[in-house]
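S.K.: FYI, in my numbering the residues of the sequence shown are 280 to 499. All residues carry an ideal CB built from backbone N, CA and C; glycine is no exception.
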Amino acid sequence: RDTALQEEREKTPSARPRQLLVAGSVGPYGAFLANGSEYRGDYQLSNEEFKDFHRPRIEALIAANVDILAYETIPSLPEIKALIELLETDFTNSTAWLGVTLRESDASLLSDGSPMSEVVRLVNACDQIVSVGVNCIPEQNVSAALDYLKPLTDKPLIVYPNSGETWNAEARQWNGQRAEGKEHAEVVQEWFGKGAKLIGGCCRTGPKDIQNIRDTLASS
Numbered sequence: 280r281d282t283a284l285q286e287e288r289e290k291t292p293s294a295r296p297r298q299l300l301v302a303g304s305v306g307p308y309g310a311f312l313a314n315g316s317e318y319r320g321d322y323q324l325s326n327e328e329f330k331d332f333h334r335p336r337i338e339a340l341i342a343a344n345v346d347i348l349a350y351e352t353i354p355s356l357p358e359i360k361a362l363i364e365l366l367e368t369d370f371t372n373s374t375a376w377l378g379v380t381l382r383e384s385d386a387s388l389l390s391d392g393s394p395m396s397e398v399v400r401l402v403n404a405c406d407q408i409v410s411v412g413v414n415c416i417p418e419q420n421v422s423a424a425l426d427y428l429k430p431l432t433d434k435p436l437i438v439y440p441n442s443g444e445t446w447n448a449e450a451r452q453w454n455g456q457r458a459e460g461k462e463h464a465e466v467v468q469e470w471f472g473k474g475a476k477l478i479g480g481c482c483r484t485g486p487k488d489i490q491n492i493r494d495t496l497a498s499s
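1. Using a threshold of 8 Å, state whether the C-beta atoms of Ser499 and Phe471 are closer than that.
2. From which residue to which residue does the alpha helix (DSSP H) around Ser422 run?
3. Could you tell me which of Asn372, Glu364, Val467 and Asp406 sits nearest to Phe329, measuring between CA atoms?
4. Between Gly306 and Glu367, is the Cβ-Cβ spacing less than 8 Å?
5. Which complete beta strand (DSSP E) runs does the stretch 317-394 hold, if anything under 3 residues is left out?
6. Ala404 lies in the beta strand (DSSP E); which residues open and close that run?
7. For Lys429, count neighbouring C-beta atoms within 10 Å of its own C-beta (all shown protein chains included) and say buried if the count is 16 or more, exposed if not.
8. Let me check one thing: in DSSP terms, what residues is Thr445 bridge-paired to?
9. State the start and end residues of the unbroken beta strand (DSSP E) segment that holds Ala302.
10. From the DSSP output, which residues share a beta bridge with Ala464?
11. Among residues of its own chain, excluding the 5 on either side of Lys434, which ones have a beta-carbon nearer than 8 Å to its beta-carbon?
12. Please go through the same chain and pick out, in chain order, the residues whose beta-carbon is closer than 7 Å to the beta-carbon of Ser316, but skip the five residues on each side of it.
13. Does Gly480 come out as helix, strand or coil in the three-state DSSP assignment?
14. My output table needs one value for Leu299: the three-state DSSP class, helix, strand or coil.
15. Go to Leu431, then tell me how far its alpha helix (DSSP H) extends in each direction, as first and last residue.
16. Under three-state DSSP, which class holds Gly309?
17. Can the beta-carbon of Glu462 be found closer than 8 Å to that of Ser422?
18. Tell me the DSSP secondary structure of Gly474 in three-state form.
19. Taking the alpha helix (DSSP H) that Arg280 falls in, what are its first and last residues?
20. In three-state terms, what does DSSP make of Asn314?
21. First and last residue of the alpha helix (DSSP H) that includes Ile489?
22. Suppose the cutoff is 8 Å on Cβ atoms and the five residues either side in sequence are ignored; what does the same chain contact list for Ser387 look like?
23. Expressed to the nearest angstrom, what Euclidean distance is found between the alpha-carbon atoms of Leu389 and Val345?
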């Protein structure tokens with residue numbers, strides 16, 4: 280963490296001082312399986328098995344002094360429950376944001392089919408979860424997700440979708456077109472207007488996309 284922050288400051292020594300935070304990524308168990316189940320959430324582990332999988336990963340990130348944990352791309356309600364319980368029992372001095380994935384074209388359902396209302400209930404009950412939202416979903420589904428989430432929580436909403444292309448898990452390839460330039464700027468402004476406080480990019484996005492988001496919000 281400290282090395283990364285120092286390198287970033289050295290890149291722009293003339294820039295005015297600003298707070299930089301390093302988030303430690305805690306992705307889903309399904310990504311470990313490497314079979315596309317991170318997009319479906321159709322894997323079955325007990326609560327303790329989820330905890331045993333995630334605990335050493337979180338310990339390593341905390342040992343590296345990350346500022347916040349990024350629970351991200353989580354498609355499973357039982358996994359979310361286990362991750363929140365770990366914060367409350369094992370990592371009481373840490374905070375996290377929660378980014379989830381959704382059923383295609385249905386903002387009310389987590390990828391595993393569980394109701395998003397239950398996810399938000401768990402988040403609202405945990406002070407250590409400081410932000411909630413969606414990531415690793417198609418850009419065109421973000422606005423509906425914000426419309427669904429905003430009335431349910433007072434916590435800051437976070438969105439960082441994919442590039443506009445969609446992942447075909449069976450063919451193992453990306454399809455569709457990227458959202459770029461003016462088109463991308465317009466959707467970023469829309470998300471901000473719908474209450475998103477943290478906006479970024481996930482799969483197939485890069486530094487230019489993040490710069491575009493920053494420039495768009497700076498001019499809003």
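M.R.: Result, derived from the coordinates:
1. Position 220 of the sequence shown holds residue 499. Position 192 of the sequence shown holds residue 471. Here Ser499 is near Phe471, since their CB atoms are less than 8 Å apart.
2. As a first step, residue 422 is located in the sequence shown; it is residue number 143 there, counting from the start. For Ser422, the enclosing alpha helix (DSSP H) covers residues Val421 to Leu428.
3. Here residue 329 is taken as the residue at index 50 of the sequence shown, counted from 1. Measuring from the Cα of Phe329, the nearest candidate turns out to be Glu364.
4. Stepping through the sequence shown from its first residue, residue 306 is reached at position 27. Stepping through the sequence shown from its first residue, residue 367 is reached at position 88. The Cβ-Cβ distance between Gly306 and Glu367 does not fall below 8 Å.
5. Contiguous beta strand (DSSP E) elements confined to the stretch 317-394 occur at 347-353, 375-379 and 385-389, taking only those with 3 or more residues.
6. Locating residue 404 in the sequence shown gives position 125, counting from the first residue. Segment: none, Ala404 is in no beta strand (DSSP E) and carries neither H nor E.
7. As a working mapping, residue 429 is identified with position 150 in the sequence shown. Label assigned to Lys429: exposed.
8. Position 166 of the sequence shown, counted from the first residue, corresponds to residue 445. Partner(s): Asn454.
9. Numbered from 1 along the sequence shown, position 23 holds the residue referred to as residue 302. From DSSP, the beta strand (DSSP E) with Ala302 extends over Ala302 to Val305.
10. For the purposes of this step, residue 464 is taken as residue 185 along the sequence shown, with counting starting at 1. DSSP, once it has assigned bridges, lists no residue as partnering Ala464.
11. Taking the first residue of the sequence shown as position 1, residue 434 is located at position 155. Within its own chain, the residues whose Cβ lies closer than 8 Å to the Cβ of Lys434, once the five positions on either side in sequence are excluded, are Val402, Asn403, Ile408, Val409, Ser410 and Val411, listed in chain order.
12. As a first step, residue 316 must be located in the sequence shown, where it is residue number 37. Within the same chain, Cβ atoms closer than 7 Å to the Cβ of Ser316 are found at Gly309 and Tyr322, the five residues on either side in sequence being excluded.
13. Reading the sequence shown from its first residue, position 201 is the one you call residue 480. Annotated three-state conformation of Gly480 is coil, per DSSP.
14. For this step, residue 299 is matched to residue 20 along the sequence shown. In the three-state reduction of the DSSP assignment, Leu299 falls in the coil class.
15. Position 152 of the sequence shown, counted from the first residue, corresponds to residue 431. No alpha helix (DSSP H) contains Leu431, which DSSP labels as neither H nor E.
16. Within the sequence shown, residue 309 is the residue found at index 30, counting from 1. The three-state reading of DSSP puts Gly309 in helix, counting H, G and I together.
17. For this step, residue 462 is matched to residue 183 along the sequence shown. For this step, residue 422 is matched to residue 143 along the sequence shown. Contact: no.
18. Indexing the sequence shown from 1 puts residue 474 at position 195. DSSP places Gly474 in coil when its eight states are reduced to three.
19. As a working mapping, residue 280 is identified with position 1 in the sequence shown. Run containing Arg280: none; DSSP gives neither H nor E here.
20. Within the sequence shown, the letter at position 35 stands for residue 314. Three-state DSSP puts Asn314 in coil, outside helix and strand.
21. Position 210 of the sequence shown, counted from the start, is the residue given in the question as residue 489. Taken as a continuous stretch (DSSP letters only), the alpha helix (DSSP H) holding Ile489 covers Pro486 to Ala497.
22. The count along the sequence shown starts at 1 and reaches residue 387 at position 108. Answer for Ser387: Pro394, Met395, Ser396 and Tyr427, listed in chain order.
23. The residue labelled residue 389 in the question sits at position 110 within the sequence shown. The residue labelled residue 345 in the question sits at position 66 within the sequence shown. Computed Cα separation, rounded: 27 Å.
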